[in-house]
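Protein sequence lines, in the order shown, are assigned to chains S and H.
Heads up: the first sequence is residues 1 to 247, going by the working numbering.
Heads up: the second sequence is residues 248 to 316, going by the working numbering.
Some notes on the structure that comes next.
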Amino acid sequence: MSKVQFDFTNENFVVTGASSGMGKQIAVELAEAGAKVLAIARRENELSALHNQYPNIIPSMVDVCDYATMENVINNFVKQYGKLNGGIYAAGITGLTPLRSYDEKEVQQIIDISFIAGAKFMQITSKKKNSVDGASFVWFSSECARGVASGLFAYAGTKAACEVAARTFAKELASRKIRVNTVSPGWVKTNMTKNLGDTHNMEEIAKESLFGFGEAQDVSGMVLFLLSDRAKWITGTNISVAGGFGI
Amino acid sequence: MEQFLEKMQDVLDCEQEVKMNTALGSIEEWDSLAFVSFIAMAKAGFGKTVKPADVRNAKTVEDLYNLVK
């Protein structure tokens, strides 16, 4: 167990993309720290398994692009457990979109899930009736928003857009002391990167970071910190958690 | 009209109930951000391009309604 412990007793959070990778790790750690967590994702089996292990995690099988359902689920959670102390937008997909042969539909889907639905998520969760003043929100960006990787213009561009959007929302919500930040992981072993070896040389990729590949729990600590009151003066910024990526 | 009031509630994001005769000056949330949010809502929700000067001159919620109806 880490020497740094967080206490989120009596606090409520919503996590999207909660059935795998970073989203799941964060949902678990929040639940372990005493929070009630509304876990939104598309994969039902994974969500039910989470709930069985952590009764504090309230699972909800929702596609974030189905705005009406997402709003209903969040409203109901707030009615039952109280206003949100924060939210984590970890829903997202990636896909290879090389300039010569990208699929327009796939590009649109990447933008829809990671960016447009993320803005909707912020609109719903940041309403006064749904969140407390001083709530903290974290969006997932990626180090590839700066480091350029061939074939990833849609993913990288979307993540860069998320960072700017998060800063904009930070400004719009500052009067209520609501904080909005992004975290940019480097290369982390998750579902999203597990097929990377099919198209890329994994050893070469590992060399892009001083510490090679990371795990989801190498990133989640920063997210929990940003959600906590220790980060109350940190807003509108991006924090790289990337094992020395690009150095 | 009900639809308008509902949208105004979102634009202002305030917990007090917004009524037609509510004075804008009495709503703490009627700030510069609510101002641009109203202009965007008029366009998205009612297809109206309202003039910022007209919005500035509005004294009540009803004055705003008259700009979009």
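Glycine residues also receive a C-beta, built at the ideal position from the N, C-alpha and C atoms.
Bear in mind the structure is a predicted one, so any value in this text is a computation, not a measurement.
Looking only at C-alpha atoms, which of Lys79/S, Val148/S and Ala154/S sits nearest to Thr94/S?
Ala154/S
Measure the C-alpha to C-alpha separation of Gly82/S and Leu196/S and round it to an integer number of angstroms.
41 angstroms
Looking only at its chain, what residues have a beta carbon closer than 7 angstroms to the beta carbon of Thr237/S, apart from the 5 residues adjacent to it on each side?
Asn181
Hey, how far is the Cα of Ser20/S from the Cα of Thr193/S?
12 angstroms
To be precise: take each residue of the segment 124-141 of chain S, compare its Cβ to all Cβ atoms of chain H, and keep it if any distance is under 7 angstroms. Which residues remain?
Lys127, Lys128 and Lys129
Pro59/S: first and last residue of the uninterrupted beta strand (DSSP E) it sits in
Ile57 to Met61
What would DSSP say about Ser150/S, mapped onto helix, strand or coil?
coil
Nearest to Ala161/S by alpha carbon, out of Ile116/S, Lys128/S, Glu203/S and Gln5/S?
Ala161/S has its Cα closest to that of Ile116/S, out of Ile116/S, Lys128/S, Glu203/S and Gln5/S.
For Leu96/S, the three-state DSSP class (helix, strand or coil)
It is coil, neither helix nor strand.
Work out the CA separation of Phe121/S and Phe6/S for me, nearest whole Å.
25 angstroms
By the criterion of Cβ-Cβ separation under 8 angstroms, what are the contact partners of Glu172/S in chain H?
Leu280
For Asp218/S, count neighbouring Cβ atoms within 10 angstroms of its own Cβ and tell me buried if that reaches 16, exposed if not.
buried
Candidates Ser175/S, Ala242/S, Arg42/S and Asn56/S, of which the one nearest Lys128/S by Cα:
Ser175/S
In chain S, what lies closer than 9 angstroms to Glu262/H by C-beta?
Lys128 and Lys129
Using a beta-carbon distance below 9 angstroms, is Asp310/H in contact with chain S?
no
Would you say Ser228/S reaches chain H, if we count a Cβ-Cβ gap shorter than 9 angstroms as a contact?
No Cβ of chain H is located within less than 9 angstroms of the beta carbon of Ser228/S.
Sort Ile274/H, Cys261/H and Ala281/H by Cα distance to Pro299/H and report the nearest one.
Ala281/H
Are Val37/S and Asn10/S closer than 9 angstroms when you measure CB to CB?
no
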